[in-house]
Every structure is written in C-alpha cells, then in structure tokens.
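Residue numbers (the numbering used here), protein chains in the order written: chain A, 82 to 539; chain B, 82 to 539.
Written as structure tokens, this is what we have:
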C-alpha cells in the first residue's frame with residue numbers, strides 16, 4: 082500500500098452554503114401542481130405540511146442558500162465526511178481507473194439522511210412545530226429524523242414500510258433510543274392504512290410501500306396544526322441540503338490534486354444523487370469542468386430506465402402535489418428487495434429533469450450483482466456498504482472494468498451512502514444463496530403506467 | 082450549542098511509535114511463568130504460539146517501539162480517531178465538568194480492537210504464518226482479526242463464546258464477509274471443547290466463556306506449525322498497540338488547550354484501559370502532569386474489586402502461561418451479561434500491576450446502570466455505545482455528578498471503545514425491562530478463588 086488513501090477536511094471546511102442547481106439550469110424545471118385543480122401549487126396551499134423556509138427553498142432560484150449556524154453546529158458532529166481512495170479495490174479489479182469513494186456512514190445514524198433531517202427539524206422547531214411525522218423505507222431516514230428531533234427537542238412519529246420493518250428490528254430500537262414512536266406501515270391508525278389492510282387476506286401483514294407510508298404520515302400531520310411532515314428525499318430542499326456532500330468532495334479532490342471524470346450514486350428518491358452530483362454539475366453547466374454522472378436504480382424498481390417522465394403523485398393515495406418526474410406509477414409496489422430505501426415509484430423532479438436533459442445517465446442493476454459488489458467492497462476496503470449503496474458500487478465496478486478494457490485512466494467517484502450494520506441479515510441471505518432476482522415484466526409495468534394521472538397541460 | 086465539539090487530527094498525526102509503560106514503571110512487573118514448571122517462560126518456550134516480534138515487544142523495556150509503515154498504512158483508514166466534547170451530555174447532567182470522549186467506533190469493525198489486530202497479523206504474516214486462530218467474546222475482536230487477516234491475505238479461524246454468538250448472529254456475517262471461519266464455542270472440533278460439552282445435559286448448548294474459547298483456539302494453533310494464535314487483549318503487546326489511543330488523545334487535548342483530570346475506560350482484558358491511560362500515566366510517572374485513571378469492570382465479573390492479585394492461567398484449561406493479575410479464578414464462568422467483551426476472569430498483568438500500585442482505581446458497575454448510561458449518551462450525543470463502553474460511561478456520569486455536587490470543574494476523558502450496532506437486541510431487552518442484575522455471592526466467589534493454582538515463589 083502506498084500513496085494517500087484518505088482526504089479529510091477540517092470543521093472549518095464544512096460548507097457555509099447549500100447549492101441550488103436551479104440557478105444554473107438553462108430553464109426552470111416544472112413546478113408541482115395541485116392534485117385536484119392541476120394548477121401550480123401556491124405557497125399558501127403547501128404550508129399545511131412543510132415549514133415555510135423549506136417551501137421557500139423549494140421555490141428559490143438563488144444559487145447559494147446559507148446554512149444556519151445551529152445546523153452547522155450539529156453537522157460538526159459528523160461532517161466533513163471522509164473521501165477515500167479505494168486502492169485495494171483498484172488492485173483487485175486490475176483497473177487503471179482511480180476509484181474514490183465519499184463515505185457517509187460515519188453520521189450518527191449511519192447514512193447521509195442526517196444532512197437534511199437536521200435542517201428540516203431546525204426550521205420546523207423555529208416556527209413552533211412540536212411533532213414531525215414521516216415515512217421510512219430502509220429505516221435510514223426514520224432514524225435520521227429521530228436523531229435530529231432529539232437534538233432540537235421535537236417529537237417524532239415514524240411510519241415504517243412493513244417489508245423493511247420486518248427485516249430490521251433493531252433500527253426500531255435505535256429510533257426509540259432517540260425518543261421516536263415507530264409504527265409498522267400500513268397501520269390501523271390512519272384511514273389510508275386501514276383501507277390498505279382491508280384489501281389483504283385476514284391475518285396477513287401487508288408488505289407496504291414507501292408511497293403508502295407517505296400517505297399515512299401525511300394524513301396524521303394534516304390532522305393537527307402543531308404537527309408537521311418531513312420528507313427524506315425527492316423534495317427540492319432535501320437535495321439542496323445534501324449538496325454538502327458534493328461541495329466537500331470538490332474541496333477534497335482539490336486536496337488530492339485530481340478531478341472525477343465520472344460520478345456515481347444510487348437513486349431511491351434521488352437526494353444522495355443530487356447531493357453528490359449537483360455541485361459538480363454546476364462546474365459543468367458553467368463551463369469549468371466536464372463530468373459524467375450516473376444514477377443507479379434497482380432493476381426491481383426501474384423508474385428512470387423503464388418508466389415514464391410524467392406527472393405523478395408522490396404517494397400511493399394521491400394526497401401529495403403532482404410532480405413531473407420519472408415514475409413507474411404511484412400505485413406500483415416494488416418487490417421486497419433489501420435496498421428498502423430504493424423501493425420508491427418515482428424520482429425527485431430535479432434529478433428526473435437532469436436525467437431528461439441528459440445531464441445524468443440512468444442505469445439499473447440487479448440485487449444479486451449489487452450484493453456481490455458489496456461483498457467485494459467489504460473484503461477489499463473493510464466497509465460493509467448498505468444495500469442501497471451497493472447499487473452505486475456495482476455501477477462503479479462496471480465503469481472500472483470498462484476502464485481496464487479500454488485502458489482509460491479515469492477518476493471515478495462513487496458515493497457510499499451508508500453502512501450495512503442493520504442490513505447484515507440481507508448479506509447473510511445472499512451468502513446462503515437465498516437471494517434471487519425477479520424481473521418486472523412488461524405487462525406488469527404497463528398496468529402501473531396506465532394508472533398515471535391524466536394531467537391537462539396549462 | 083457553542084464552542085468546539087470535535088478535535089480531529091491529520092493522518093500525519095497518527096503516532097509513529099507505540100508507548101511501552103514498562104520503561105517508566107518504578108520496577109518491572111512480574112513476568113509470565115511456565116504453567117508446568119512455574120519458572121519464568123523463556124522466549125523459546127513461547128514461540129510456538131505467538132510471532133517473535135510480539136514476544137520481543139512483551140519482554141521489551143524500550144520506551145517507544147516504532148510502528149511499521151505497513152501497519153500505519155492500514156491505520157490510515159480509520160485513525161486518528163476523533164475526540165469529542167460531550168456538551169449535550171454536560172448540559173443534561175448540569176455538571177461543571179468538561180466531558181470529553183475519544184470514539185473508536187469509526188474503525189472498520191466498530192471498535193478499538195483493530196489497533197492491535199493489524200500489527201499482530203502483519204508480524205505473523207512476515208514470519209510465514211498462513212492462518213491465525215483466536216477466541217472472541219463480544220465478537221469485536223474476532224471481527225477485527227478477520228478484517229486484518231483480509232488486509233494481509235492470512236486465513237482466520239474464530240472461536241466465539243456461545244453466549245455472545247447466540248446474541249449477535251450478524252457479526253458472524255461480517256466476519257465471513259471478511260473471509261473468516263467462525264465457530265460457536267465450545268465446539269466438537271477440539272479436545273477441550275468436547276470435554277466441556279460432555280459435562281452439559283444432552284441437547285443443551287453450553288454458554289461457553291472467553292477462557293474456554295482461548296483453550297480451543299490455542300489447541301488448534303499448537304497442532305500446526307503454520308498456524309498462529311492471536312490474542313485480543315491482556316498480553317503486553319495488545320496494550321502496547323492500543324497506546325495509539327492515548328497518544329492521539331494527548332495531542333487532541335493540546336489542540337483543545339485542556340488536560341484531563343480523570344481518565345475512564347472499561348476493563349475486560351484491559352487493552353482499552355491500557356491504551357488510553359498509559360501515555361497519560363507516562364506524564365504522571367515522569368512528573369509532568371498528574372491524572373486519575375479509573376478502570377470500570379462489570380459487577381458480574383469483579384476481578385479488580387472483589388478478586389485477588391495472584392498467579393493464574395489465562396484460559397480455563399491451564400494451557401497458557403501463569404500470569405500475576407487480578408482474577409476471579411480461571412474456572413469462573415460469568416453470567417451471560419451483554420457486555421460479552423468484559424466476561425473474562427482476569428485482567429491484563431500490566432493493568433493489574435498499575436491497579437496494585439495505585440496508579441489506576443478500579444470500580445464496578447451493574448449492567449442496568451450501564452445500559453441506562455448508554456441510552457442517556459445515545460439521546461444526547463447521538464452515538465449508541467457498545468455495552469462494554471457503557472461501563473466507562475456509567476462511571477464517567479458518576480464522576481460528572483460528583484463534580485456537580487462539589488462544584489469542581491474537572492475535565493473527564495472517557496473512552497467509547499465502540500458502537501452498539503450489533504448489540505441493539507440488548508438495548509431492546511433493556512428498554513422492555515427484561516434485564517436485571519445478578520449479584521455474585523461471596524460463597525460463589527470463594528469457590529472460584531479457591532481453585533487458583535498454588536505457585537511457589539522462586
């Protein structure tokens with residue numbers, strides 16, 4: 082082993098501003114529509130759910146938005162996150178590519194989700210919200226919101242997609258340690274939950290979906306003015322807050338005296354992708370440095386690679402505003418793959434727009450390819466990556482192999498969004514040969530795409 | 082929140098040398114004896130088990146021992162570890178004390194154990210050893226050795242104490258991801274394992290103990306010249322390697338322009354305690370700065386607070402050399418407390434000697450007090466501490482409360498040896514009120530102490 086493998090920054094290098102890519106896009110991406118009138122949502126219509134400042138950020142065209150000191154104070158516990166050079170993995174692959182990974186697993190809850198949980202709770206607390214509800218897929222977001230709520234003394238209620246809840250009992254312990262109340266979704270606590278349960282055979286526990294859990298969390302928040310709703314991904318502000326990842330990486334590449342040719346991250350809602358890529362895309366859009374960006378989704382939930390760029394709801398019941406995005410349809414319930422954070426029917430409007438504009442290339446990877454990539458990464462680099470993060474790694478390995486075959490000495494930057502410490506049952510199943518890939522058929526896909534809302538242009 | 086909370090160091094600040102406290106002690110602590118002859122062990126007698134350089138380090142009186150570049154290269158993945166100021170915890174306790182914690186949970190395997198696993202594998206590989214065996218209690222050490230073996234391409238076979246193996250199935254997944262073979266101890270693979278199993282009722286799986294698992298690992302290593310044995314704690318070299326913790330903390334306190342009045346860590350075998358305290362005790366022994374050091378053991382395994390300072394074996398079967406140490410007797414099988422890493426009958430001869438000399442103060446804490454301390458720490462500081470680490474935290478909270486009651490503004494430094502990501506089942510049991518404390522009776526203790534070997538002075 083030789084040469085530097087870790088690029089650390091000082092607390093002083095924690096970004097002072099988030100970056101808003103909207104300021105640099107050639108045109109403004111489509112804004113959300115009211116789900117009933119199909120007219121653009123007014124700020125007044127949206128305040129029932131989200132904090133005013135978050136809505137302002139969603140609508141902002143400012144290039145940079147200042148990070149409040151109280152948020153940076155909490156960021157200081159775990160930021161800047163390290164950038165590593167994966168020399169062992171490079172050697173194992175025999176690639177001339179330089180592989181770098183930015184690792185978000187050292188956050189208090191083990192993933193990048195805390196980056197947006199902290200400001201969301203801060204702004205809500207600042208306007209008197211005493212409780213936040215949310216959904217969670219893999220459990221990463223629920224844990225992050227629980228941590229952030231504990232930091233600002235706000236109550237937290239989490240609706241956790243049943244399929245993942247059953248796989249990871251101990252994330253519940255952690256959320257509860259931070260003071261949160263955790264439900265398996267669908268619950269009997271909400272109208273939408275009871276409705277979903279009524280369609281199941283008696284005695285069985287429905288697997289749930291992120292879309293359904295969103296509906297539950299939104300219903301509870303709408304019922305009480307002191308309760309707000311927090312969203313872990315897809316919304317503009319979640320991507321905005323995650324840009325601390327890309328901003329730090331830019332500084333770290335300057336330290337390394339290098340620059341990435343290719344950026345890679347997984348996409349569930351799209352916040353890790355946006356957070357990593359947007360600061361680098363700024364450099365591209367403003368003519369400074371070119372870069373390729375690759376967004377990796379699971380073949381089990383192929384919104385970008387097989388879905389449509391269309392208006393759709395964020396939740397299963399159609400309670401949220403309509404968004405223009407890549408989607409497989411809001412009624413789609415993905416197979417219970419272990420990357421629970423990627424089991425979402427749509428992709429953030431901002432990431433979708435960037436894909437539609439050709440700024441980001443989508444690819445899909447199968448679950449088994451991803452676990453194999455995760456194990457190779459664990460053995461060589463000593464980090465067990467979260468099932469979500471293995472999607473980025475699988476695509477990164479493909480790129481590294483392409484570089485080997487073409488003799489190209491590119492620099493690859495992959496985001497490892499979190500660790501797998503609560504997902505080892507999934508790895509155990511994979512090691513035991515119990516994980517197989519299910520292909521989504523054209524027929525199945527067509528059924529869900531046919532349920533997209535018909536939105537008249539205005 | 083205000084004021085700095087994290088003290089980071091650069092890769093350049095990773096220590097270049099380990100510190101050997103033997104050089105600064107007023108006299109040389111008693112050396113190990115041959116278990117049959119009761120004469121001091123010669124180097125030749127010991128080479129069948131450990132790498133030559135490790136034995137040389139155990140016998141060395143040099144003050145500083147250089148860390149090989151190849152070891153520092155692996156350290157660079159996770160060192161220096163951060164020092165945090167626990168401002169939220171201070172506020173919660175209303176204490177004038179300044180509480181600092183050094184956090185080892187960011188290592189690849191989530192605890193400080195990697196600090197000694199890496200050099201042990203490096204030295205063994207350098208002399209042609211192709212496989213290492215070991216025991217593990219909580220699973221931390223086995224995972225650390227598995228990681229280190231993967232870095233130097235050495236096979237790894239782990240004997241895991243049954244009680245902990247059953248509690249933490251997923252650490253096995255992680256060890257296997259790093260390429261190790263993992264057994265539940267006692268096994269049917271060794272003579273001592275079969276003997277232990279024979280005393281149990283048919284069909285039941287014995288809980289095992291660290292002492293018994295040591296016997297198994299040693300038996301396998303002795304049977305093959307290409308196989309070595311690695312020890313996660315108690316041996317002099319394990320404490321030596323852990324001094325990177327204390328050396329870094331000294332530099333970090335200089336950055337913080339502060340100095341600890343009290344050092345606190347848990348004690349299983351004693352390596353985290355030695356690693357944290359010895360560099361500070363050097364400053365004390367050489368007349369630079371005074372410091373108190375507190376060693377915290379579980380009430381379920383009270384070697385320092387209720388045991389004897391006596392000659393005893395390191396394993397249950399009496400295969401290891403005799404060591405002068407605090408012990409509750411090598412045949413003692415502690416209750417199946419969740420801090421599996423602290424279920425060991427003895428304490429490192431070096432730490433024992435320091436306790437005997439009054440350089441380190443021992444205290445014992447009950448399991449329920451420790452879990453309560455762990456949950457308070459999780460809620461305030463956002464880190465779920467390993468059950469072992471909660472012992473240090475419980476004693477640290479006692480000290481902070483003493484400071485509140487006496488109005489003393491001391492600086493406390495507690496070592497958080499690792500995270501609890503594989504121990505959340507234990508926290509779940511505690512939250513559900515299912516964990517109680519069992520007191521070890523005087524009668525039980527006397528039985529085990531009466532089985533100490535009779536060693537004639539020479």
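Backbone N, C-alpha and C define an ideal beta-carbon position, used for all residues, glycine too.
Is there at least one Cβ from chain A nearer than 8 Å to residue i's Cβ?
i	result
residue 82 of chain B	Here the model assigns residue 82 of chain B a pLDDT of 38, short of 50, so the residue's position is not dependable and the matter cannot be decided.
residue 498 of chain B	no
residue 322 of chain B	no
residue 246 of chain B	no
residue 309 of chain B	no
residue 164 of chain B	no
residue 508 of chain B	yes
residue 228 of chain B	yes
residue 231 of chain B	yes
residue 512 of chain B	yes
Looking at residue j and residue i, is the spacing between their C-beta atoms short of 8 Å?
i	j	result
residue 468 of chain B	residue 500 of chain B	no
residue 519 of chain B	residue 416 of chain B	yes
residue 403 of chain A	residue 119 of chain A	yes
residue 122 of chain B	residue 135 of chain B	no
residue 184 of chain A	residue 464 of chain A	yes
residue 293 of chain B	residue 327 of chain B	no
residue 352 of chain B	residue 386 of chain B	no
residue 217 of chain B	residue 508 of chain A	no
residue 225 of chain A	residue 192 of chain A	yes
residue 540 of chain B	residue 426 of chain B	As displayed, chain B neither begins before 82 nor continues past 539, which places residue 540 of chain B out of reach and without an answer.
residue 494 of chain A	residue 341 of chain A	yes
With a threshold of 6 Å on Cβ separation, who are the neighbours of residue i within its own chain once the five nearest residues in sequence on each side are excluded?
i	result
residue 227 of chain A	237, 256, 259 and 261
residue 83 of chain B	With a pLDDT of 44 at residue 83 of chain B, under the threshold of 50, the modelled position of this residue cannot be trusted; read the value that follows with caution. Cβ within range, chain order: n/a, list empty.
residue 92 of chain A	157
residue 532 of chain B	410 and 412
residue 240 of chain A	216, 264, 266, 294, 297 and 298
Determine whether the Cβ of residue i lies closer than 8 Å to any Cβ atom of chain B.
i	result
residue 86 of chain A	yes
residue 256 of chain A	no
residue 91 of chain A	yes
residue 333 of chain A	no
residue 503 of chain A	yes
residue 251 of chain A	yes
residue 206 of chain A	no
For residue i, which residues from the same chain have a beta carbon less than 8 Å from its beta carbon, with the 5 sequence-adjacent residues on both sides left out?
i	result
residue 418 of chain B	379, 381, 382, 424, 448 and 468
residue 309 of chain B	130, 131, 132, 205, 210, 212, 213, 214 and 302
residue 489 of chain B	177, 178 and 483
residue 462 of chain A	165, 167, 169, 170 and 182
residue 367 of chain B	105
What would DSSP say about residue i, mapped onto helix, strand or coil?
i	result
residue 337 of chain A	helix
residue 236 of chain A	strand
residue 385 of chain A	helix
residue 121 of chain B	strand
residue 145 of chain A	strand
residue 474 of chain B	helix
residue 296 of chain A	helix
residue 127 of chain A	helix
residue 442 of chain B	strand
residue 373 of chain A	strand
residue 89 of chain A	coil
residue 466 of chain B	strand
residue 216 of chain A	strand
Might you give, ordered along the chain, the residues of its own chain that have their beta carbon closer than 7 Å to the beta carbon of residue i, omitting 5 neighbours on each side?
i	result
residue 126 of chain A	115
residue 316 of chain A	139
Scan the stretch 179-200 of chain B for residues whose Cβ lies nearer than 7 Å to a Cβ of chain A and list them as they occur along the chain. 187 and 189
Output needed in chain order: residues of the stretch 449-476 of chain A with a Cβ under 9 Å from some Cβ in chain B. 455, 456, 459, 460, 461, 462, 463, 464 and 465
Going along the stretch 144-158 of chain A in order, which residues come within less than 8 Å of chain B, judged by CB to CB distance? 151, 154, 155, 157 and 158
Against chain A: residues of the stretch 257-277 of chain B by CB proximity under 9 Å: 257, 258, 259 and 260
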